[in-house]
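In the order they appear, the protein sequences are chains A and B. When we follow the UniProt record's numbering, the leftmost residue of the first sequence carries the number 1, and every step to the right adds one. When we follow the UniProt record's numbering, the leftmost residue of the second sequence carries the number 1, and every step to the right adds one.
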Amino acid sequence: MKLQDMYQEIILDHYRNPHGRGLREPFDAEVHHVNPTCGDEVTLRVKVDGDTLTDVSYEGMGCSISQASVSAMYDLVVGRSVQDALATGDDFMKLMQAKGDQAVADELEDSLEDAVAFAGVSKYPARIKCALMSWMALKDASARAWGGPAA
Amino acid sequence: MTATAPRSTTERAPLPLDVAAVRADFPILGRSVRDGKPLVYLDSGATSQKPRQVLDAERWFYENVNAAPHRGAHALAEEATEAYEAARATIASFIGGQPDEVVFTRNSTEAINLVAYAMSNAVTAKEPEFRRYAVGQGDEVVVTEMEHHANLVPWQQLCERTGATLRWLGLTDDGRLDLSDLDTVVNERTKLVTVTQQSNILGTMPPLQPIIERAHAVGALVMVDGAQSVPHQPVDVAALGADFLVFSGHKMLGPTGVGVLWGRAEVLAALPPFLTGGSMIEVVRMEGSTFAPPPQRFEAGVPMTAQVIGLAAACDYLTALGMENVLAHEEALTEYALAELQAIPGVTVIGPVDTVARGGAISFTVEGIHPHDVGQVLDDQGIAVRVGHHCAWPVVRRYGVPATTRATFYVHTGYDDVDALVEGVRHAQRFFGVDTQVEEAR
Ligand SMILES: Cc1ncc(COP(=O)(O)O)c(C=O)c1O
């Protein structure tokens with residue numbers, strides 16, 4: 001098990017130069033999620049037009065994994081339908097449960113694009129929550145934007 | 001990995017403890033982690049490792065004596081009771097207290113909750129003698145901003161249950177307790193003041209004497225959280241003068257699942273029970289029950305007998321090393337580690353930067369690298385530290401950092417462990433590419 005498996009260059013790039021960062025108007029729902037074991041936080045807003053996620057904006061503080069994850073998520077979901085975005089989130093969850101299984105990562109590559117680089121994180125149970133936090137926030141915010149209670 | 005490490009010039013004071021001999025008592029320190037790296041355990045503040053003597057004591061109990069103490073009259077039950085009470089006496093004398101003043105709990109957290117719940121149970125107690133320490137509207141409970149969540153949340157909850165008001169002493173910029181408003185924060189409305197003897201995140205040892213004196217002058221009880229002090233320094237409850245002291249077995253070489261509430265005899269006598277059931281009663285009738293005197297009143301159910309025996313073995317182990325030596329040992333390591341860590345560009349120590357009134361918990365940040373990532377790189381080299389808010393969220397908030405990396409020392413720690421930590425931090429800086437550009441990072 002190598003540290004580089006977790007800290008892929010793509011992940012470090014997203015961490016150093018996050019995509020879509022900053023809270024923007026207009027938005028339909030805003031959520032604040034924390035990881036109570038480590039204090040990582042993200043505030044995330046979604047703007048939904050029809051069933052399209054037209055913007056996801058965020059501010060947060062946390063480790064490289066949590067910050068890179070939200071940046072990679074931004075690339076993946078903006079402009080997609082809410083259903084597609086949530087399905088992608090389910091794929092990301094599958095990747096996080098794969099315990100580093102390369103076959104799972106290969107299978108999810110088309111769906112997750114850059115975010116498949118987080119496969120290495122799934123070997124470190126303590127860090128999986130860091131990677132998942134933004135996806136949980138997205139699910140929550142999307143549910144609220146659609147008027148329903150948090151999923 | 002060591003190629004670029006500049007040789008340290010920091011002086012190494014001779015260590016009072018024979019690290020090699022002590023290490024030989026800890027089986028786990030012989031193992032490796034993460035593909036064969038020798039384990040460097042710098043997380044004793046979270047929980048300590050256990051010497052063979054403690055493990056043997058527990059095994060001895062289960063293999064030879066096991067029975068429920070204070071129940072039944074068969075031979076094993078008698079021996080188990082005797083062993084359990086002998087262990088209580090050992091543990092009491094370790095802190096200079098009387099056996100009847102030692103109550104076994106699951107850990108410090110439960111010991112603190114025991115007192116907090118007893119104080120709200122006092123409000124509705126049918127026995128007049130149990131109402132002495134009742135709290136309610138108009139009363140105040142005082143904590144500090146450096147408390148572990150275990151010594152903060154139970155008091156917030158007590159205040160919510162009873163209508164009392166929570167107040168607190170703040171912190172200074174250099175990581176000390178701010179006593180400038182002690183006389184206003186602790187006043188005639190104060191019912192209880194609770195304060196840590198050693199901060200688990202900053203390492204600070206706050207001055208307890210002025211706090212205890214002021215609290216007693218206004219008639220308030222004082223609790224001292226000894227979770228990080230009892231394992232690391234001599235503590236004598238008679239000299240201390242507080243009303244309660246709590247600590248956890250697992251942080252002082254003892255087993256998990258056993259903690260201690262020490263309480264002044266006359267204070268314990270006036271507190272109603274927290275948990276009720278078997279063992280803690282005097283007479284039980286369908287209409288109602290009366291309760292045993294302390295400590296039994298606070299020990300409902302079959303206790304963690306083997307763990308108590310193990311904790312007594314831990315006390316014996318520490319007594320043999322000498323708590324003065326343990327303190328001096330960690331002080332020497334702390335002095336060295338503070339100098340070495342602060343010599344790394346980009347490293348900031350959160351907490352006192354000298355060894356005056358300071359224990360061996362060293363929290364730090366590394367510019368440009370989140371504490372989790374620092375911890376991950378250290379872990380990859382076999383170095384176990386803690387990262388996060390260390391269950392003292394208000395403290396990290398107070399110092400404007402999201403989290404810290406924390407190293408803690410104990411009786412088996414040597415200069416090599418500190419060197420591994422320092423080199424590990426430098427390695428993290430190289431790994432994340434912030435070693436040459438510390439200034440413009442982030
Ligand atoms: C200062 C302090 N108080 C209380 C506690 C709670 O101890 P336990 O988790 O054993 O109940 C801790 C544990 O980290 C601590 O460091």
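No residue lacks a Cβ here, since even glycine has one placed at the ideal position from N, Cα and C. In this text the structure is predicted, and so the values were computed from the model without any measurement.
Query raised in the report: By DSSP, does Gly241/B sit in helix, in strand, or in coil?
Result: Your numbering for residue 241/B matches position 241 in the second sequence. In the structure shown, Gly241/B sits in coil (DSSP, three-state: anything other than H, G, I, E or B).
Along chain B, which residues have their Cβ under 8 Å away from the Cβ of Gly62/A? Against the first sequence, residue 62/A aligns to sequence position 62. Those within 8 Å of Gly62/A in chain B are His370, His372, Pro402.
At the 8 Å Cβ level, is Asp380/B part of the contact set with chain A, yes or no? As a position in the second sequence, residue 380/B is number 380, starting the count at 1. Yes, its Cβ sits closer than 8 Å to a Cβ of chain A.
For this session: Can you tell me which of Ala265/B, Leu333/B, Gly136/B puts its alpha carbon nearest to the alpha carbon of Trp155/B?
Result: As a first step, residue 155/B must be located in the second sequence, where it is residue number 155. Comparing Cα-Cα distances from Trp155/B to each of Ala265/B, Leu333/B, Gly136/B, the minimum goes to Gly136/B.
- Query: Between which two residues does the alpha helix (DSSP H) harbouring His14/A extend?
  - Reply: Taking the first sequence and counting its residues from 1, one reaches residue 14/A at position 14. From DSSP, the alpha helix (DSSP H) with His14/A extends over 9–16.
Worksheet item: Would you say Leu3/A faces chain B, with C-beta separation under 8 Å as the test?
Response: Reading the first sequence from its first residue, position 3 is the one you call residue 3/A. Closer than 8 Å to some Cβ of chain B, the Cβ of Leu3/A qualifies, so yes.
Inset, instruction - Return the chain-ordered list of same chain residues with a C-beta closer than 8 Å to the C-beta of Asn35/A, the five sequence neighbours on each side being excluded. - result: Here the question's residue 35/A lines up with position 35 in the first sequence. Contacts found: Glu41, Gly62, Ser66, Lys129, Cys130, Met133.
- request: Consider the Cβ of Thr54/A: report whether some Cβ of chain B lies at a distance smaller than 8 Å.
  value: In the first sequence, counting from the first residue as 1, residue 54/A sits at position 54. It does not; no Cβ of chain B falls within 8 Å.
task: May I have a chain-ordered list of the alpha helix (DSSP H) segments no shorter than 4 residues that lie completely inside the stretch 305–355 of chain B?
output: 305–321, 323–342
Compute the minimum distance between the beta carbon of Ala314/B and the heavy atoms of ligand 1, and state whether it is under 7 Å.
-> Stepping through the second sequence from its first residue, residue 314/B is reached at position 314. The answer is no for Ala314/B.
DSSP three-state assignment for Glu110/B, whether helix, strand or coil
Here the question's residue 110/B lines up with position 110 in the second sequence. Helix.
Helix, strand or coil for Trp266/B, going by three-state DSSP, please let me know.
On the second sequence, residue 266/B is found 266 positions in, with the first residue counted as 1. Note that residue 266/B corresponds to Glu in the displayed sequence, not to Trp. Helix at Glu266/B.
Task: Closer than 8 Å at the beta carbon, the chain A residues around residue 448/B - done: The structure shown does not extend to residue 448/B, since chain B is modelled only from 1 through 442, so no value can be given for it.
- Count the C-beta pairs between the stretch 118–125 of chain B and the stretch 268–275 of chain B that are closer than 8 Å, then say yes if the count reaches three, no if not. yes
Using only the heavy atoms of ligand 1, determine whether one of them is closer than 7 Å to the beta carbon of Gln228/B. Reading the second sequence from its first residue, position 228 is the one you call residue 228/B. Yes; taking the cut-off as 7 Å, the Cβ of Gln228/B has a heavy atom of ligand 1 nearer than that.
Thr408/B vs Gly360/B beta-carbon contact at 8 Å: Locating residue 408/B in the second sequence gives position 408, counting from the first residue. Locating residue 360/B in the second sequence gives position 360, counting from the first residue. Yes; because the gap between Cβ atoms is below 8 Å, this pair is in contact.
With burial defined as no fewer than 16 other Cβ atoms inside 10 Å of the residue's Cβ, what is the status of Pro51/B: buried or exposed? By 1-based counting over the second sequence, the position of residue 51/B is 51. By the neighbour-count rule (16 or more Cβ atoms within 10 Å), Pro51/B is buried.
*Under 8 Å (Cβ pairs) to chain B, residues found in the stretch 118–150 of chain A*: Tyr124, Arg127, Cys130
Residues bridged to Gly60/A by DSSP?
-> By 1-based counting over the first sequence, the position of residue 60/A is 60. In DSSP, Gly60/A forms a bridge with Val42/A.
(request) Assess, as a yes-or-no matter, whether the stretch 403–419 of chain B is touched by the stretch 7–18 of chain B under the definition of 3 or more beta carbon pairs within less than 8 Å. (result) yes
task = Answer with buried or exposed for Glu129/B, where buried requires no fewer than 16 other C-beta atoms within 10 angstroms of its C-beta.
result = As a first step, residue 129/B is located in the second sequence; it is residue number 129 there, counting from the start. Flag for Glu129/B reads exposed.
Residues from the stretch 10–30 of chain A in contact with chain B, defined by Cβ distance under 8 Å = Leu12
Is Gly79/A close to chain B, meaning its C-beta is less than 8 Å from at least one C-beta of that chain?
Here residue 79/A refers to the residue found at position 79 when the first sequence is read from its first residue. Answer no: the Cβ-Cβ gap between Gly79/A and chain B never drops below 8 Å.
Burial state of Gly219/B, where buried means 16 or more other Cβ atoms lie within 10 Å:
Numbered from its first residue, the second sequence carries residue 219/B at position 219. Answer is exposed; the Cβ neighbour count stays below 16.
Notebook entry, point to check: Which value, in whole angstroms, describes the spacing of the CA atoms of Val338/B and Val347/B?
Noted result: Position 338 of the second sequence, counted from the start, is the residue given in the question as residue 338/B. Position 347 of the second sequence, counted from the start, is the residue given in the question as residue 347/B. Before going on, a small fix: residue 338/B reads as Leu here, not Val. Using only the alpha carbons, I get a separation of about 10 Å.
Q: For Ala150/A, I'd like the list of residues in its chain whose CB is within less than 7 Å of its CB, leaving aside the five on either flank, ordered along the chain.
A: As a first step, residue 150/A is located in the first sequence; it is residue number 150 there, counting from the start. Note that Ala150/A scores 42 on pLDDT, short of 50, meaning its location in the model is unreliable and no value can be drawn from it.
Using 8 Å as the limit for Cβ to Cβ distance, is His148/B near chain A? Numbered from its first residue, the second sequence carries residue 148/B at position 148. Not one chain A Cβ lies under 8 Å of His148/B.
My assumption, with CB atoms under 8 Å, is that Leu202/B sits in contact with Ser363/B. Please give the rounded CB distance.
Stepping through the second sequence from its first residue, residue 202/B is reached at position 202. Stepping through the second sequence from its first residue, residue 363/B is reached at position 363. Indeed they touch by this definition, with Cβ atoms about 6 Å apart.
Which residues DSSP lists as bridging Ile369/B, in chain order:
Within the second sequence, numbered from 1, the residue matching residue 369/B stands at position 369. In the DSSP output, where bridge partners are listed per residue, Ile369/B has Val366/B.
Note to self: Contact criterion: CB-CB distance below 8 Å. Does Gly351/B meet it with respect to chain A?
What the structure shows: Along the second sequence, one-based indexing puts residue 351/B at 351. Not closer than 8 Å to any Cβ of chain A, the Cβ of Gly351/B fails to qualify, so no.
List, in order along the chain, the chain C residues whose C-beta lies closer than 8 Å to that of Gly39/A? Here the protein chains are A and B, and chain C is not one of them.
Is any non-hydrogen atom of ligand 1 found closer than 7 Å to the C-beta of Asn200/B, if you look at the structure I gave you? Residue numbering aside, residue 200/B sits at position 200 when the second sequence is read from its first letter. Yes.
ask   = Mind pulling the alpha helix (DSSP H) runs of 4 or more residues that sit fully within the stretch 385–417 of chain B?
value = 393–398
Report task. Work out the CA separation of Pro206/B and Ala357/B for me, nearest whole Å. Result -> Against the second sequence, residue 357/B aligns to sequence position 357. Against the second sequence, residue 206/B aligns to sequence position 206. Ala357/B and Pro206/B: Cα-Cα distance of roughly 7 Å.
What distance in whole Å lies between the Cβ atoms of Ile95/B and Val237/B, which are believed to be in contact at a cut-off of 8 Å? Along the second sequence, read from residue 1 onward, the residue named residue 237/B stands at position 237. Along the second sequence, read from residue 1 onward, the residue named residue 95/B stands at position 95. Indeed they touch by this definition, with Cβ atoms about 5 Å apart.
Beta-carbon separation (whole angstroms), Ala428/B vs Val377/B, contact threshold 8 Å | Sequence index remark: in the second sequence, residue 428/B carries index 428 (1-based). Sequence index remark: in the second sequence, residue 377/B carries index 377 (1-based). Yes, Ala428/B and Val377/B are in contact; Cβ-Cβ is about 4 Å, under 8 Å.
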